[in-house]
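J.: Quick mapping for you: the protein sequence lines, in order, are chains P and H.
Per our numbering, residue 2 is the first one in the first sequence, and the count goes up by one each step.
Per our numbering, residue 70 is the first one in the second sequence, and the count goes up by one each step.
Backbone N, C-alpha and C define an ideal beta-carbon position, used for all residues, glycine too.
Have a look at this one.
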Amino acid sequence: MTTLPLTSPAADVDAIRRLIARHKTWDWLFGLLGVFALMFAMLVFAMLFGQMLKNGLPHLSWDFFTSFPSRRAASAGILSAWVGTVLVMLVTALVAVPLGVGAGIYLEEYAPKNLLTDIIEINVTNLAGVPSIIYGLLALGLFVYQFGLGQSIAAAGLTLALLILPVVIVATREAIRTIPQNIREGAYACGATKWQVVSHHVIPYSLPGIMTGVIIGLARAIGETAPIITIGALTFIAFLPPSPFGNPDQLISFDWLTAPFTVMPIQMFNWISRPEEAFQANAAAAGLVLVVMTLSMNAVAIWIRYHFRKKIKW
Amino acid sequence: MSSIPLKPAPQPLIVAAAAGRSLAIPSMNLRRRLTERAIEAVLLLAALVSVFTTLAIVAILVWESIAFFRTVPLLDFLTDTQWTPLFDDAHFGIIALLSGTLTTTIVALLVAIPLGTVLAIYLSEFAPFRVREVAKPFLEMLGGVPTIVYGYFALLFVTPLLQQIYPDLPGFNMLSAGLVMGIMIVPYVSSLSEDAMRAVPMNMREASYAMGATRLQTALFVVTPAALSGIASSYILGISRAVGETMVVAIAAGMQPNFSFNPVEPAATITAYIVQVALGDLPHGSLGYQTIFAAGLTLLLITLLFNIIGHILRKRFREAY
Numbered sequence: 002m003t004t005l006p007l008t009s010p011a012a013d014v015d016a017i018r019r020l021i022a023r024h025k026t027w028d029w030l031f032g033l034l035g036v037f038a039l040m041f042a043m044l045v046f047a048m049l050f051g052q053m054l055k056n057g058l059p060h061l062s063w064d065f066f067t068s069f070p071s072r073r074a075a076s077a078g079i080l081s082a083w084v085g086t087v088l089v090m091l092v093t094a095l096v097a098v099p100l101g102v103g104a105g106i107y108l109e110e111y112a113p114k115n116l117l118t119d120i121i122e123i124n125v126t127n128l129a130g131v132p133s134i135i136y137g138l139l140a141l142g143l144f145v146y147q148f149g150l151g152q153s154i155a156a157a158g159l160t161l162a163l164l165i166l167p168v169v170i171v172a173t174r175e176a177i178r179t180i181p182q183n184i185r186e187g188a189y190a191c192g193a194t195k196w197q198v199v200s201h202h203v204i205p206y207s208l209p210g211i212m213t214g215v216i217i218g219l220a221r222a223i224g225e226t227a228p229i230i231t232i233g234a235l236t237f238i239a240f241l242p243p244s245p246f247g248n249p250d251q252l253i254s255f256d257w258l259t260a261p262f263t264v265m266p267i268q269m270f271n272w273i274s275r276p277e278e279a280f281q282a283n284a285a286a287a288g289l290v291l292v293v294m295t296l297s298m299n300a301v302a303i304w305i306r307y308h309f310r311k312k313i314k315w
Numbered sequence: 070m071s072s073i074p075l076k077p078a079p080q081p082l083i084v085a086a087a088a089g090r091s092l093a094i095p096s097m098n099l100r101r102r103l104t105e106r107a108i109e110a111v112l113l114l115a116a117l118v119s120v121f122t123t124l125a126i127v128a129i130l131v132w133e134s135i136a137f138f139r140t141v142p143l144l145d146f147l148t149d150t151q152w153t154p155l156f157d158d159a160h161f162g163i164i165a166l167l168s169g170t171l172t173t174t175i176v177a178l179l180v181a182i183p184l185g186t187v188l189a190i191y192l193s194e195f196a197p198f199r200v201r202e203v204a205k206p207f208l209e210m211l212g213g214v215p216t217i218v219y220g221y222f223a224l225l226f227v228t229p230l231l232q233q234i235y236p237d238l239p240g241f242n243m244l245s246a247g248l249v250m251g252i253m254i255v256p257y258v259s260s261l262s263e264d265a266m267r268a269v270p271m272n273m274r275e276a277s278y279a280m281g282a283t284r285l286q287t288a289l290f291v292v293t294p295a296a297l298s299g300i301a302s303s304y305i306l307g308i309s310r311a312v313g314e315t316m317v318v319a320i321a322a323g324m325q326p327n328f329s330f331n332p333v334e335p336a337a338t339i340t341a342y343i344v345q346v347a348l349g350d351l352p353h354g355s356l357g358y359q360t361i362f363a364a365g366l367t368l369l370l371i372t373l374l375f376n377i378i379g380h381i382l383r384k385r386f387r388e389a390y
């Protein structure tokens with residue numbers, strides 16, 4: 002801090018003016034710094050996207066989506082990878098959504114204030130901070146060997162479901178918390194039971210928030226590579242899992258659950274780690290598909306949130 | 070489960086109505102209550118899955134690590150500076166992996182903390198509403214990009230870029246992995262810090278402005294100190310993300326264990342080692358298989374430590390106002 006000379010009033014005023022001017026300059030400079038930081042982040046993103054676009058776009062064609070991986074870079078595609086990703090995500094969503102939403106409803110609407118509830122809450126927070134590769138080790142020990150699921154779609158789907166469970170739980174809880182208490186009281190006053198209140202009011206009103214959380218969770222799961230590598234998923238898969246409708250004896254067969262598989266990020270990792278330059282273009286193309294998939298899911302989630310935030314007025 | 074006894078009604082009309090329903094009410098009540106209880110039990114089970122997950126993680130890691138430490142003394146694990154579990158001359162010094170983890174984490178934090186903090190202060194105190202409405206979803210998207218894509222970016226864009234400035238840089242190095250990881254963590258740091266700053270009551274800012282302070286002075290001397298524990302907990306989260314990050318380092322930093330803190334060298338982190346072993350074909354139950362669980366347990370303990378610190382900080386930050 003500068004000490005002001007207290008000789009004459011005129012000099013005093015001048016000194017104060019200079020002080021203010023200096024502070025305003027700093028203020029302005031920091032505003033500029035903030036804009037630069039934001040522009041830097043945008044620039045990095047533009048370079049990341051641009052680099053992949055430059056290398057990957059020439060390789061993107063219909064054939065890229067309908068071909069199996071191959072030893073020749075030019076004819077290699079992502080058919081088995083995207084089919085694997087869709088099937089794994091199906092398992093993940095089917096497991097994570099009921100469990101996550103159920104847990105969220107329990108914690109917000111049912112849970113008494115006791116030790117068990119505290120333990121569950123601390124657990125959820127803690128699980129959100131566990132590195133994804135640890136889930137891979139859990140899956141390797143538990144699903145692959147203890148449950149004997151092997152390196153299958155079921156094992157991968159369950160792993161990713163556990164991974165995104167905290168995301169779904171937290172989103173559900175936050176969505177439920179925004180519902181005003183008088184909605185519940187109104188329903189109780191009409192003689193509704195707890196479950197009727199929850200199923201007729203709480204769940205429908207929190208649905209946009211829950212959907213946002215589920216989509217963000219799934220977008221994260223789609224890009225997860227480490228846990229799937231850890232369970233030892235094969236990277237060269239030139240066939241599709243058995244179709245659920247192919248078998249004449251059963252209406253729907255579940256053989257695909259135990260089939261070996263590959264997913265988009267694994268296929269991309271495989272291509273990145275090849276020494277041949279040509280495969281890098283494949284990796285870029287696969288990365289482009291992956292980024293477009295995750296970003297559009299995130300965009301949908303953000304859109305749902307903004308749209309319903311404006312629409313709902315309690 | 071006791072059924073509610075029906076009180077004698079004073080009026081005959083109501084008695085008739087009640088008599089008509091009196092047969093139905095107790096059994097319906099019972100069925101309803103049973104359903105309600107069953108639903109609550111199912112929901113509780115769903116909530117308990119998270120507890121089981123934690124227990125299973127700890128059980129599996131500890132179980133396999135115990136088997137590992139029966140062969141390898143704990144002292145060797147902590148003091149040896151070489152990590153060559155799959156060689157004939159096997160060494161099991163976790164320090165060689167920890168050094169890689171630490172170095173990449175520090176490089177990442179040197180990017181993420183300044184950039185994330187500046188962004189948080191800017192978005193919370195300076196940015197016009199419209200800028201914020203665009204910047205926040207954008208940062209969220211930056212956080213949503215798959216880590217493997219960041220790995221690709223580090224190996225095939227950032228490393229060649231750095232090699233133009235510093236030609237001796239090897240193709241695999243901790244520097245580019247750390248830098249990219251830092252960019253990746255920025256959204257976490259900035260969004261959590263910003264939340265903490267926004268939680269500071271408006272009247273504190275107004276008091277500061279009334280004293281003639283500029284936005285910067287208010288941000289630095291009023292808002293930041295008030296939000297300090299929240300900001301610190303966002304840093305802690307950033308650290309635990311960086312420590313646990315896998316694909317960026319596995320792709321861009323190489324997978325060769327190297328006891329070095331020099332960022333321009335290649336090195337393996339704990340996570341990269343687990344990936345490397347998983348890519349190979351180690352038989353279930355072998356010592357090599359057990360090493361990844363011992364490494365995983367170390368990783369879990371480190372992140373747990375940071376999570377606990379973060380939790381304590383957040384709790385203090387919540388109680389502040």
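Return helix, strand or coil for PHE161 of chain H, following the three-state DSSP convention.
T.: strand
J.: State the Cα-Cα distance for the pair SER91 of chain H and VAL169 of chain P, rounded to the nearest angstrom.
T.: Confidence in SER91 of chain H is poor, its pLDDT being 47 and thus under 50, which makes the residue's placement too unreliable to answer from.
J.: Round the Cβ separation of PHE241 of chain H and ALA322 of chain H to the nearest angstrom and send it over; I've been treating them as touching at under 8 Å.
T.: Contact annotation, PHE241 of chain H with ALA322 of chain H: C-beta distance approximately 6 Å; criterion of less than 8 Å satisfied.
J.: What are the partner residues of TRP152 of chain H, as DSSP defines its beta bridges?
T.: H:PHE161
J.: Kindly give me the distance between the Cβ atoms of ILE252 of chain H and VAL45 of chain P, rounded to whole angstroms, as I take these residues to be in contact under 8 Å.
T.: 5 Å
J.: Counting pairs of Cβ atoms below 8 Å between the stretch 155-166 of chain P and the stretch 212-230 of chain P, do you hit three or more?
T.: Segment contact: the stretch 155-166 of chain P against the stretch 212-230 of chain P, three or more CB-CB distances shorter than 8 Å; contact assigned.
J.: Could you give the DSSP three-state label for LYS114 of chain P: helix, strand or coil?
T.: coil
J.: At 4 residues or longer, what runs of the alpha helix (DSSP H) sit wholly inside the stretch 196-261 of chain H?
T.: 198-213, 216-222 and 228-234
J.: Can you look up SER277 of chain H in the DSSP assignment and give me helix, strand or coil?
T.: DSSP, reduced to helix, strand and coil, places SER277 of chain H within a helical segment of the structure shown.
J.: Sorted by chain position, which residues of the same chain lie with C-beta nearer than 7 Å to THR150 of chain H's C-beta, five sequence neighbours on each side aside?
T.: GLY162, ILE164, ALA165 and PHE328
J.: Leaving out the 5 sequence neighbours to the left and right, which residues in its chain are closer than 7 Å to LEU248 of chain H when beta-carbon positions are compared?
T.: VAL176, VAL180 and VAL227
J.: Have a look at ASN299 of chain P and GLY213 of chain H and give me their C-alpha separation to the nearest angstrom.
T.: 7 Å
J.: Looking only at its chain, what residues have a beta carbon closer than 6 Å to the beta carbon of VAL292 of chain H, apart from the 5 residues adjacent to it on each side?
T.: Around VAL292 of chain H: MET266 and VAL269.
J.: Please report the straight-line C-alpha distance between LEU225 of chain H and ALA311 of chain H, rounded to a whole angstrom.
T.: 20 Å
J.: On the three-state DSSP scale, how would you describe GLN182 of chain P?
T.: helix
J.: Need the endpoints of the alpha helix (DSSP H) that TYR342 of chain H sits in, please.
T.: 339-348
J.: Report the start-end ranges of each alpha helix (DSSP H) in the stretch 140-223 of chain P that is 4 residues or longer and not cut off at the edges.
T.: 154-178, 182-190 and 195-198
J.: Leaving out five residues on either side along the sequence, give the residues of the same chain with a beta carbon under 6 Å from the beta carbon of LEU188 of chain H.
T.: SER259
J.: Which chain H residues are close to VAL171 of chain P, counting only those with a beta carbon under 9 Å from its beta carbon?
T.: Identification of chain H residues near VAL171 of chain P by a Cβ-Cβ cut-off of 9 Å yields none; the smallest Cβ-Cβ distance measures about 11 Å.
J.: Any contact between the stretch 281-292 of chain P and the stretch 76-84 of chain P? By contact I mean 3 or more CB pairs, one from each, below 8 Å.
T.: Between the stretch 281-292 of chain P and the stretch 76-84 of chain P there are three or more inter-stretch CB-CB distances shorter than 8 Å, so the stretches are counted as touching.
J.: How about ASP28 of chain P: is its C-beta nearer than 8 Å to some C-beta of chain H?
T.: yes
J.: Run down chain P in chain order and give the residues with a C-beta less than 9 Å from the C-beta of TYR331 of chain H.
T.: As written in the sequence, residue 331 of chain H is Asn, which differs from the Tyr given in the question. Residues of chain P passing the Cβ test: none, with the nearest at roughly 24 Å.
J.: Is there a Cβ from chain P that is less than 8 Å from the Cβ of HIS353 of chain H?
T.: yes
J.: Give me the Cα-Cα distance between ARG310 of chain P and ILE211 of chain P, rounded to the nearest whole angstrom.
T.: The alpha-carbon separation between ARG310 of chain P and ILE211 of chain P amounts to approximately 13 Å.
J.: Put ALA282 of chain H into one of helix, strand or coil per three-state DSSP.
T.: coil
J.: Rounded to the nearest angstrom, what separates PHE362 of chain H and ARG139 of chain H at their Cα positions?
T.: 14 Å
J.: Would SER245 of chain H count as contacting chain P if we go by Cβ distances under 8 Å?
T.: Output row for SER245 of chain H: interface = no.
J.: Using a C-beta to C-beta distance shorter than 7 Å, which residues of chain P count as neighbours of PRO326 of chain H?
T.: Within 7 Å Cβ-Cβ: nothing; PRO326 of chain H doesn't reach chain P, min ~17 Å.
J.: Where do the N-terminal and C-terminal ends of the alpha helix (DSSP H) with ALA82 of chain P fall, by residue?
T.: Its alpha helix (DSSP H) spans residues 80-106.
J.: Helix, strand or coil for GLU263 of chain H per DSSP?
T.: helix
J.: Quick check on DSSP: helix, strand or coil for MET70 of chain H?
T.: Because the pLDDT of MET70 of chain H is 41, which lies under 50, any placement of that residue in the model is unreliable, and the question is left without a value.
J.: For the stretch 277-290 of chain P, which residues have a beta carbon sitting closer than 8 Å to at least one beta carbon of chain A?
T.: Here the protein chains are P and H, and chain A is not one of them.
J.: Count the C-beta pairs between the stretch 348-368 of chain H and the stretch 122-137 of chain H that are closer than 8 Å, then say yes if the count reaches three, no if not.
T.: Taking 8 Å as the limit for Cβ pairs, the verdict is that the stretch 122-137 of chain H does touch the stretch 348-368 of chain H.
J.: Can you tell which of P:ILE121, P:ALA94 and P:LEU20 has the C-alpha that lies nearest to the C-alpha of LEU113 of chain H?
T.: When C-alpha distances from LEU113 of chain H are compared across P:ILE121, P:ALA94 and P:LEU20, the shortest belongs to P:ILE121.
J.: Looking at the secondary structure, which residues open and close the alpha helix (DSSP H) in which PHE270 of chain P lies?
T.: 265-273
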